[in-house]
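Heads up, the thing below is written out as structure tokens.
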Amino acid sequence: MSRAGTIARRTFLIAAGVVGGGMLVGAGVVATRLHRIDGFRLDAGPGETSFGAWLKLGSDGRVEVAVPHQDMGQGIYALAALLVANELGLSPDRVRPVQAPIHARFANPVMLLDGLPFENEGVLQRAAYWSFEKILRAVGIQATGGSTSTRNIAEPLRAAAAAMRDMLARAAAAHFATTVERLKFVDGAVLAPDGKRATFAELADAAAKLPPRDIALAPLAPDGLIGKGAPRADVAPKARGQAAYAIDVREKGQLYAAILHAPRLGAKLKSARLPGEAPSVRGLVEGADYVAVVAESYAIAAAALDRLQLAWDETNALAVSTKDVFAACRAALDRGADYRKRWVQETKGDVRNAAGAQITAVYSAPFLAHMTMEPINATALVTDIGAKVWAGTQSPQLAQMAAAAAAGVDTAKVEIVTPYLGGGFGRRADVGFVAKAVEIARKFKGVPVQTIWSRAQDMRDDVLRPAALADLSATLDANGLPATLVYRVATPSIVDQFVARVMPRAVGGLMADRTALDGALRSFYGVPNVSLEHFAVDTGVPVGFWRSVGFSLNCFFLESFVDELAAAAKAKPLDYRTRLLAVSDNSRAAKRAWRVLETMARFDVAEPLEAPREGGRVGRGFALTEPFHSFVGMTADVEVTGSDIRVRRVHAVVDCGLAIDPQNVIAQVRGGVNFGLSAALHGRIDFENGAIVQQNFDSYPLVTLADAPRIAVDIVNSGADIGGVGEIGVPAVAPAVANAVFAATGQRLRAMPFQLART
Amino acid sequence: MTVEFNLNGRKVAAVGAPQSPLLWALRDELGMVGVKFGCGAGLCGACTVIVDGAQTRACQTSLADIAGKNIATIEGLSGPVFEAVVAGWTRAQAPQCGYCQPGFVTAATSVIAADQNATPESVLAQLTNICRCGTYDAIRDAVGLALETLRADARKAGGAK
Ligand code: FES
Ligand code: FES
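Going line by line, the protein sequences match chains A and B.
Every number in my numbering is 866 more than the matching position in the first sequence, counting from 1.
Every number in my numbering is 32 more than the matching position in the second sequence, counting from 1.
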């Protein structure tokens, strides 16, 4: 393997170890590379001036910012432009975001830091956190996920822009024979006290020659565009159909491939034959568990795929069915402490000292597909020495490694182009699809081949949001508050599988998967005796990251259960939560949560539940969550008619520290609510004898315009460190709706998707 | 077979099996990649085009069906209704990933253009597309804004007479 590949793989091992909260091995080896990172500069083309790793001045006078994250609708390109524009006194449309090269400078340590098995609090922990960050910034993986994009790049980008401004100012001061303090920055030019002006372009050469200085940054606070936002530049082209996605790549001489996987998981391809004449078909590619037809158009390839005579080797095919999955989860939970892959991720006090009334409940959730609107696809051009791949990937660096292995070329010889992503949601963090597209194109050296997964294949080849089964039990003290909470969830480990997919020879099962208890783990409620346990269950079904993943399971389980406790204590849901916060031992978190709760309570009074229509019953439900370092409270109003649940309105309260671009925060939270609602009301992926059951949007329905609720979002700017935004709308909606249905009907919904017994 | 039809006001020909979906002829042969593939089964609306004035799902339309017809794709849309729709979409900042949006914009343009008395409710009822990013609230706002613009334009034109 090439040196670059070795380093990348080793890095990933470390990264995976950190994600899983395992041991960090080998950090010393790579830390020596730190010093080389800061010297990195963007290449400058003709007429361009480079201002370091992040910024350059383009020949058209616009500032170009390298964005190491992919834009999948979360608006990170626009946010990068906003931050840079704000520092440079420009309007955001004068800043052009472009894809950053794959380089250690652009690694995303935040995503991995979130996986550390401790919080960034306390002297020792802060020191450890700081050094992990330094190391991971140097050697980490360039990736987009975990609601980290803004948290990852806000500070480096502001620092880079401040340094560029300082260089321009010093050049201008010399030019006008004045001092830096007397200059003004106005829309792409520097103004001297006497009104003379010099544009950035005029100053660029002299400025870029000056040594950059470290400029102390004021803490991120509402100022100029920060906290106000600006219209996103990608919006109009997207509305006009002019934005290009990977599936829109059209290279000269391009061929198209349609792909078909073995119907049963684990089956292998034995043989494939295309009977009869097929003049425009250029060939078949036989993969391990798939076959692809390559043709001059996708229509021809897809039609030929339907005609193939296929034989599959089912020796190792899975026979798993949905009920087996839950049976395996049940068996693991019943095994208890003897279960081999049991990770106790948090204990507090002693849960055996339980006295008083015990309340138990069993919750469950199914596998879920991602259903990105743009089906999975990639275009690859393979030559003898290298490869170029156009792919909507959230992990360009892993994609580069996967493509290199599939093409049999050096990692450094693989170029990854990431156009806009037609949705990501974690699906595009996995790179198996890139490897397959490259394998297929490798059979047609020198010719670009675009492989497209049909919707059914997109679902068949998905890495699903894990199914889960949870046993929750609590005892209430004399005041009706929980004295003990035992939270046991059985669900596959995503980290185990993700590592195994990226590094087939790695030993799995060595580390805890923190995501399995996300949403159960960082509770701000005061419960003195707690045990949080994950039972890692392997059913053979491929699982992966999914918008808010663990939170989407555990927030539903926990926040519904808290409602059950409130009911048992005969307390109103909002009051009960306020009391739980009052006894919290994490005052910082409790304070933020309390402000959210207070805003919810105000809404509750100001906007009462609307009366039901003929024959319906209405109810209001609440949920309080802390996903991705943000706090989200949600109120849902439902109307139940027969067994039909209609969500009429949702009110979300969001504290993400500081909403840099409030309109985008609102958009992301609304989108997340609809995403979570599709899961709560409709989403399920089932298996029968190892084969996926659902095939398209008819058997896997999503919320539509007709049934999407009106969603109002209130932002609380607490001034805390900025938290994530892209996924935070998802977790709270399912429990809020379930609790609302309880309020309306007295029925508890403990399994997603919700099914109401007719009453 | 070769099928001739009008695409965005120009005569074109597409070659393919009679049952072959219009979607792929548009995308692979005729370069209209603004028409998106989402489900291939008529369920999502990403592939929406306008056939003789009516919103139509290109993945469910065969080449044989369109001989001699007038097809408009997002690339060929223009005029006051389309511009009002795009302006509404832009002001409401509707697109997120954006992949579903050309289908929505095309559908909204065709629905509004076909009905002088369109109301937000009447337009929204005819938008059965899917948006996985969940931009529905913004789309509701966008439709309202587009209709307001058109009404204001109509008033201005009326006043100028
Ligand atoms: S692609 Fe035609 S309706 Fe979905
Ligand atoms: S904007 Fe992403 S699917 Fe609609």
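Note that beta-carbon positions come from the ideal geometry of N, C-alpha and C, so glycine has one too.
Since we're looking at a predicted model, the values are computed, not measured.
Nearest-angstrom beta carbon gap, residue j and residue i [assumed within contact, 8 Å]
| i | j | result |
| --- | --- | --- |
| A1606 (chain A) | G1485 (chain A) | 4 Å |
| A1273 (chain A) | V1304 (chain A) | 5 Å |
| V81 (chain B) | I103 (chain B) | 6 Å |
| P134 (chain B) | I106 (chain B) | 4 Å |
| T1213 (chain A) | V1396 (chain A) | 7 Å |
| L921 (chain A) | V964 (chain A) | Their Cβ separation, rounded to whole angstroms, is 11 Å, which puts L921 (chain A) and V964 (chain A) out of contact at 8 Å. |
| V1519 (chain A) | G1499 (chain A) | 4 Å |
| L1342 (chain A) | A1203 (chain A) | In fact, because the Cβ distance is near 25 Å, the residues do not count as touching under 8 Å. |
Chain B contact residues for residue i, given Cβ-Cβ distances below 8 Å
| i | result |
| --- | --- |
| L1287 (chain A) | C129 |
| K1279 (chain A) | The premise fails here: K1279 (chain A) is roughly 28 Å from chain B at the closest Cβ pair, so nothing lies under 8 Å. |
| Q1529 (chain A) | Q125 |
Whole-angstrom distance between residue j and residue i, CA atom to CA atom
| i | j | result |
| --- | --- | --- |
| G1462 (chain A) | W1209 (chain A) | Per the sequence presented here, residue 1462 (chain A) reads as Val, with Gly not at that position. The straight-line gap from Cα to Cα measures roughly 32 Å. |
| H969 (chain A) | T1259 (chain A) | 16 Å |
| P112 (chain B) | D1441 (chain A) | 53 Å |
| N952 (chain A) | T1065 (chain A) | 17 Å |
| V1579 (chain A) | R1536 (chain A) | 8 Å |
| V1313 (chain A) | E1162 (chain A) | 11 Å |
| E1117 (chain A) | K43 (chain B) | 25 Å |
| A947 (chain A) | A966 (chain A) | 13 Å |
| A1301 (chain A) | Y1122 (chain A) | 16 Å |
| V1280 (chain A) | I1019 (chain A) | 25 Å |
| D60 (chain B) | G1132 (chain A) | 33 Å |
| I903 (chain A) | A1040 (chain A) | Only weak support exists for where I903 (chain A) lies, its pLDDT of 38 falling under 50; the value from the coordinates is given anyway. Distance between the alpha carbons of I903 (chain A) and A1040 (chain A): 30 Å. |
| S110 (chain B) | A45 (chain B) | 22 Å |
| A1231 (chain A) | G918 (chain A) | 48 Å |
| K1311 (chain A) | V1248 (chain A) | 5 Å |
| E1047 (chain A) | R928 (chain A) | 24 Å |
| A1588 (chain A) | V47 (chain B) | The residue asked about is misnamed: residue 1588 (chain A) is Ile in this sequence, not Ala. I1588 (chain A) and V47 (chain B): Cα-Cα distance of roughly 55 Å. |
| I1577 (chain A) | L1543 (chain A) | 12 Å |
| D1328 (chain A) | Q1561 (chain A) | 12 Å |
Continuous beta strand (DSSP E) stretch holding residue i: start and end
| i | result |
| --- | --- |
| L95 (chain B) | L95 (chain B) -> no beta strand (DSSP E), and no H or E assigned at all. |
| P963 (chain A) | V961 to Q965 |
| D1179 (chain A) | Q1175 to D1179 |
| D1580 (chain A) | R1576 to I1581 |
| E1047 (chain A) | No beta strand (DSSP E) contains E1047 (chain A), which DSSP labels as neither H nor E. |
| I1360 (chain A) | That residue, I1360 (chain A), is in no beta strand (DSSP E); its alpha helix (DSSP H) goes I1360 to V1368. |
| Y1156 (chain A) | Y1156 to A1161 |
Residue i: contacting residues in chain B (beta-carbon distance under 9 Å)
| i | result |
| --- | --- |
| P1597 (chain A) | Going along chain B, no residue has its Cβ under 9 Å from P1597 (chain A), so there is no contact; the nearest lies around 14 Å. |
| T1491 (chain A) | Within chain B, no residue comes near T1491 (chain A); the closest Cβ sits about 18 Å away, beyond 9 Å. |
| Y1111 (chain A) | V65, K68, C129, G130 and Y131 |
C-beta atoms of residue i and residue j nearer than 8 Å
| i | j | result |
| --- | --- | --- |
| R1413 (chain A) | F1541 (chain A) | yes |
| G1346 (chain A) | P1493 (chain A) | no |
| A1344 (chain A) | D1379 (chain A) | no |
| Y1156 (chain A) | I1125 (chain A) | yes |
| R1616 (chain A) | V1228 (chain A) | yes |
| Q87 (chain B) | V155 (chain B) | no |
| G1289 (chain A) | Y131 (chain B) | yes |
| M1325 (chain A) | A1244 (chain A) | no |
| A1340 (chain A) | F1390 (chain A) | no |
| T1284 (chain A) | Q936 (chain A) | yes |
| T1570 (chain A) | I171 (chain B) | no |
| G1292 (chain A) | G1011 (chain A) | yes |
| A1154 (chain A) | L1135 (chain A) | yes |
| L1419 (chain A) | T1491 (chain A) | no |
Boundaries of the alpha helix (DSSP H) in which residue i is found, first to last residue
| i | result |
| --- | --- |
| M1500 (chain A) | Taken as a continuous stretch (DSSP letters only), M1500 (chain A) belongs to no alpha helix (DSSP H), being part of the beta strand (DSSP E) at F1497 to T1507. |
| K1302 (chain A) | G1298 to R1308 |
| L1543 (chain A) | P1528 to L1547 |
| P1439 (chain A) | P1439 to A1448 |
| T141 (chain B) | Q133 to A146 |
Within chain A, partners of residue i - CB distance below 8 Å
| i | result |
| --- | --- |
| E115 (chain B) | What E115 (chain B) touches in chain A: nothing, since even the nearest Cβ is about 10 Å away. |
| G63 (chain B) | R1116 |
Interface residues of chain A facing residue i [CB-CB closer than 7 Å]
| i | result |
| --- | --- |
| T34 (chain B) | Under the 7 Å cutoff, chain A gives no residues; its nearest Cβ is about 14 Å from T34 (chain B). |
| R164 (chain B) | M1237, T1238, M1239, G1289 and L1568 |
| C71 (chain B) | R1321, N1562 and F1563 |
Interface partners of residue i on chain B, CB under 7 Å
| i | result |
| --- | --- |
| L1571 (chain A) | L156, L159, Y168 and I171 |
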